[in-house]
Amino acid sequence: MQQVTLNNCDKPMPAIGMGTVLSSRPGADPSETMKSTILEAIKAGYRHFDTAFIYQSEKPLGEAIVEAIHLGFIKSRDELFITTKLWCTFAQRDQIVGDCKLSLSSKRMIHPLDIKGVWEGMEECKNLGLTKGIGVSNFSRKKLEELLFVAKIPPAVNQVALRWIYEQGMSLVVKSLNKERMKENLQIFDWSLTQQDLEKISELPQHKGFIMASSFGPHDFVLQLDAGI
Numbered sequence: 001m002q003q004v005t006l007n008n009c010d011k012p013m014p015a016i017g018m019g020t021v022l023s024s025r026p027g028a029d030p031s032e033t034m035k036s037t038i039l040e041a042i043k044a045g046y047r048h049f050d051t052a053f054i055y056q057s058e059k060p061l062g063e064a065i066v067e068a069i070h071l072g073f074i075k076s077r078d079e080l081f082i083t084t085k086l087w088c089t090f091a092q093r094d095q096i097v098g099d100c101k102l103s104l105s106s107k108r109m110i111h112p113l114d115i116k117g118v119w120e121g122m123e124e125c126k127n128l129g130l131t132k133g134i135g136v137s138n139f140s141r142k143k144l145e146e147l148l149f150v151a152k153i154p155p156a157v158n159q160v161a162l163r164w165i166y167e168q169g170m171s172l173v174v175k176s177l178n179k180e181r182m183k184e185n186l187q188i189f190d191w192s193l194t195q196q197d198l199e200k201i202s203e204l205p206q207h208k209g210f211i212m213a214s215s216f217g218p219h220d221f222v223l224q225l226d227a228g229i
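Numbering (the UniProt record's numbering), first residue to last: 1 to 229.
Encoded structure:
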């Protein structure tokens, strides 16, 4: 697996990660489906998993890691790179440090929040050794500029945006419940796209959407999340 080096992270990050938003087949328990999916992913060669408080997948991810070690798929937790994210209602420094103490994440990220106070808590988590790296997720350019103005430790990861993405110099997070597609998603490192293919994909129109994340976060309305009002 190809790896990338992050600017404030003590551990290299595998270029492809597995997304873990809870989902399941009809009639199946989402937690059990996610646990078995993660086990299959580890068996297939995934070593980077992307989770978050709001995904409700941190518990099945932890259970899958324990079972993967027991089954001999990996020797220890240290073989994995785990990305997790605070939710937008975790807006106090003590909440952040306390939450980090309960987690074994490799990299911790924040969804848009009260930037200065929250980032200070994230920096303390990094300085205390509670996480190996810190970053952000779903930040607009203006919010990133605000963060960089107050940050002592700049974010290691901006947005996590198969081969086209990789050739832009970015890491990526994929997701599938299908074992064969899991394997296919890892097979992007021994070939390349032509310049014509790259240009065609780059010219495809982009469509953006918005959802109301939470009415209990620090933002007054959803437009603040992107427009930086």
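We put the CB at the ideal spot given by N, CA and C, even for glycine.
- Closest in alpha carbon position to residue 185, among 174, 191, 192 and 43, is 174.
- Judged by their CB atoms, residue 13 and residue 73 are not nearer to each other than the 7 Å cut-off.
- One alpha carbon belongs to residue 29, the other to residue 141, and they sit about 38 Å apart.
- Short of 6 Å from the beta carbon of residue 150, and not among the five residues preceding or following it, lie these beta carbons of its own chain, in chain order: 116.
- If you draw a 10 Å sphere on the C-beta of residue 131, you find 16 or more other C-beta atoms in it, and that means buried.
- Across the structure, residue 46 and residue 17 are spaced so that their CA atoms are roughly 7 Å apart.
- Beta-bridge analysis with DSSP links residue 18 to 49 and 174.
- The beta carbon of residue 179 sits closer than 8 Å to those of 40 and 44, all from its chain and outside the five residues before and after it, given in chain order.
- Distance from the CA atom of residue 204 to the CA atom of residue 197, rounded to whole angstroms, is 11 Å.
- A direct Cα-to-Cα measurement between residue 191 and residue 166 gives close to 11 Å.
- Of the other Cβ atoms in all chains shown, 16 or more fall within 10 Å of the Cβ of residue 171; this residue is therefore buried.
- About 28 Å separates the CB atoms of residue 164 and residue 147; that is not less than 8 Å, and the two are not in contact.
- For the pair residue 67 and residue 181, the Cα-to-Cα distance works out to about 22 Å.
- About 22 Å separates the beta carbons of residue 55 and residue 4, which is beyond the 8 Å limit, so they are not a contact pair.
- When the Cα atoms are used, residue 128 and residue 200 turn out to be separated by approximately 46 Å.
- Pairing residue 193 with residue 124, the inter-Cα distance amounts to about 42 Å.
- Burial is judged here by how many other beta carbons sit within 10 angstroms of a residue's own beta carbon; residue 169 has fewer than 16 and is exposed.
- Spatial neighbours of residue 19 in its own chain (CB-CB distance under 7 Å, excluding positions within 5 residues in sequence) are listed in chain order as 50, 173, 174 and 175.
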